[in-house]
Amino acid sequence: MPFQKNVFQRINGSGVEPIFALALALSFFLPAAESKPVGKPIPLSKADFELKKAEPVKQSLPLPPSVTAPKLPAPIPPVADQDKSKEASISVPAGTSPVETSFTSWPAKSKQPFAAIVSIHGFGLHKESFSGFATEMAKRGVSTYAIDVRGFGSWMGEPAEDKKLDFYQTMMDLRSAIYWVKTMNPGVPVFLLGESMGGAIALQATALFPECVSGLIASVPGAEFYGGKKAAVEVALRMVRPNSKFNVGEKVIEKATSDRKLRENWLSDPRARKEMTPKQMAQFAAFMNGSDEMARRIDSVPVLMLQGGKDKLSKADGTERLFKALKTPYKNYVLLDDAEHLIFEKGQYTARTADIVQDWLAKQAQRLGSAGFGNPR
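In the numbering used here, the protein residues as written are 1429 to 1805.
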């Protein structure tokens, strides 16, 4: 993927010119300009998922409990009937300190799940934000997994990473996660689910490697936000010190939910990232605005898109525009009248939301099964 990699390298590179960063910051929350797709994404093969032999034991690739890590002595047995998520762990040589991984799982309670979900969290959150929803889906026969986006959650404890954002490498992490989930669930359709920033990541990943996923569930993936122009000006003014940190978490949390207890929980969560630099906000803006072009590339994968009717952070117009841009005939849009910004994370899901997802997954799994496609390779 030379074109895509070049774009991500420009966004994630350390040499972003101030004027370019300023332009990106001013684009934050503003509608993306119309552009034509540059062509079909390059098809991927199983070889694209293989791990490099030179990788050290501490690696960012997801290592589910029931899969043996490369070059390690024995597989980790799966945990049965777990009500809470457990971090994926691996056996490491003597003298090596155990590390937190960027991957976690909630296996289905049934012996054979009818579907599997790989989840990507929203801005400032982390993989465990899906705990409540994932536990519920596990009871309904859906094995659920989640990863940390580079720069969030478990990555914040990585000195070498310096809490940096890296959307290109996150795509590689996600692709690896999909491969491992397929290994754990042979013959089971695997779907991507993302919320807000995670929704944009899931959408763009689906556009880049559609043959690897059975469907996409995207919650509020748009790049249009309330108060966006004011935020863009603030970021632009701070661009004189592009690597200085400032607190954006409080403003996001205030708009994301009206629930006082949830706000307090979010603010006190040590794994929730609340500080960003102007340069990182520019990276985030550039990535989010790339979803418009990517949505037009999705021409066959089924998509379920959701928007909260009481969302005070993401504008419904942005979500609707992405939905209309999708070329796939298998697409559904759901407006949840009583929902705010968070629909799946931090325990904000409802029984109705879980029913909608379960029914949609069952329908897509049945359709794929009838057509002879259970688990795309």
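Heads up, the beta-carbon is just placed ideally off N, CA and C, and yes, glycines get one too.
Grab me the residues of residue i's own chain with a C-beta within less than 6 Å of its C-beta, minus the 5 sequence neighbours each way, in chain order.
{"i": "Gly1797", "result": "none"}
{"i": "Lys1567", "result": "Lys1537"}
{"i": "Lys1673", "result": "Glu1703 and Thr1705"}
{"i": "Gln1776", "result": "Leu1770"}
{"i": "Gly1676", "result": "Checking the sequence shown, residue 1676 turns out to be Val, not Gly. Only Met1704 meet the Cβ criterion."}
{"i": "Trp1788", "result": "Leu1732"}
Could you compute how far the alpha carbon of residue i sits from the alpha carbon of residue j?
{"i": "Thr1759", "j": "Val1668", "result": "First, the residue type needs correcting, since residue 1759 is Lys and not Thr in the sequence shown. Distance between the alpha carbons of Lys1759 and Val1668 is about 43 Å."}
{"i": "Arg1666", "j": "Glu1678", "result": "17 Å"}
{"i": "Val1616", "j": "Lys1592", "result": "34 Å"}
{"i": "Leu1734", "j": "Thr1705", "result": "30 Å"}
{"i": "Pro1469", "j": "Pro1638", "result": "Because the pLDDT of Pro1469 is 37, which lies under 50, any placement of that residue in the model is unreliable, and the number read from its coordinates should be weighed accordingly. Straight-line Cα distance between these residues: approximately 9 Å."}
{"i": "Val1543", "j": "Pro1535", "result": "Going by the sequence as given, residue 1543 is Ala instead of Val. Taking the straight line from one Cα to the other gives about 11 Å."}
{"i": "Ala1767", "j": "Tyr1761", "result": "14 Å"}
{"i": "Gln1597", "j": "Lys1743", "result": "28 Å"}
{"i": "Lys1755", "j": "Asp1727", "result": "4 Å"}
{"i": "Asp1576", "j": "Ile1606", "result": "14 Å"}
{"i": "Pro1660", "j": "Arg1578", "result": "The residue asked about is misnamed: residue 1660 is Ala in this sequence, not Pro. Taking the straight line joining both Cα atoms gives about 23 Å."}
{"i": "Phe1653", "j": "Asp1745", "result": "10 Å"}
{"i": "Gly1826", "j": "Phe1580", "result": "This structure leaves residue 1826 out entirely; the chain is present only between 1429 and 1805."}
{"i": "Ala1664", "j": "Ile1545", "result": "38 Å"}
{"i": "Val1785", "j": "Glu1748", "result": "19 Å"}
{"i": "Arg1691", "j": "Leu1602", "result": "28 Å"}
{"i": "Ala1790", "j": "Ala1782", "result": "12 Å"}
{"i": "Asp1687", "j": "Leu1764", "result": "17 Å"}
{"i": "Arg1701", "j": "Ala1574", "result": "17 Å"}
{"i": "Asn1671", "j": "Ser1696", "result": "24 Å"}
{"i": "Thr1413", "j": "Gln1794", "result": "The question about residue 1413 has no answer here: the residues shown for the chain are numbered 1429 through 1805."}
{"i": "Glu1586", "j": "Val1680", "result": "24 Å"}
Pull up the CB-CB distance for residue i and residue j, whole angstroms please, since I reckon it's below 8 Å.
{"i": "Ser1538", "j": "Gly1569", "result": "5 Å"}
{"i": "Phe1558", "j": "Ser1547", "result": "5 Å"}
{"i": "His1549", "j": "Arg1699", "result": "Actually they are not in contact, since the Cβ atoms of His1549 and Arg1699 sit about 10 Å apart, beyond 8 Å."}
{"i": "Ser1582", "j": "Ser1530", "result": "5 Å"}
When the distance is taken between beta carbons, is residue j closer than 8 Å to residue i?
{"i": "Thr1634", "j": "Leu1621", "result": "no"}
{"i": "Asn1613", "j": "Pro1541", "result": "yes"}
{"i": "Ser1642", "j": "Gln1792", "result": "yes"}
{"i": "Ser1624", "j": "Phe1712", "result": "no"}
{"i": "Phe1561", "j": "Phe1772", "result": "yes"}
{"i": "Leu1741", "j": "Lys1683", "result": "yes"}
Grab me the residues of residue i's own chain with a C-beta within less than 7 Å of its C-beta, minus the 5 sequence neighbours each way, in chain order.
{"i": "Ser1719", "result": "Ala1628, Leu1631, Gln1632, Pro1649, Ala1651 and Leu1750"}
{"i": "Lys1738", "result": "Asp1766, Ala1767 and Glu1768"}
Short of 8 Å in beta carbon distance, which residues of its chain neighbour residue i, apart from the five on each side in sequence? Order them along the chain.
{"i": "Asn1693", "result": "Lys1774"}
{"i": "Ala1753", "result": "Asp1720, Ala1723 and Arg1724"}
Tell me the start and end of each unbroken beta strand (DSSP E) in the segment 1643–1674 that is at least 3 residues and wholly inside, in chain order. 1643–1647
Pick out the complete beta strand (DSSP E) segments inside the segment 1724–1802, 3 residues or longer, and give them in chain order. 1731–1736 and 1759–1764
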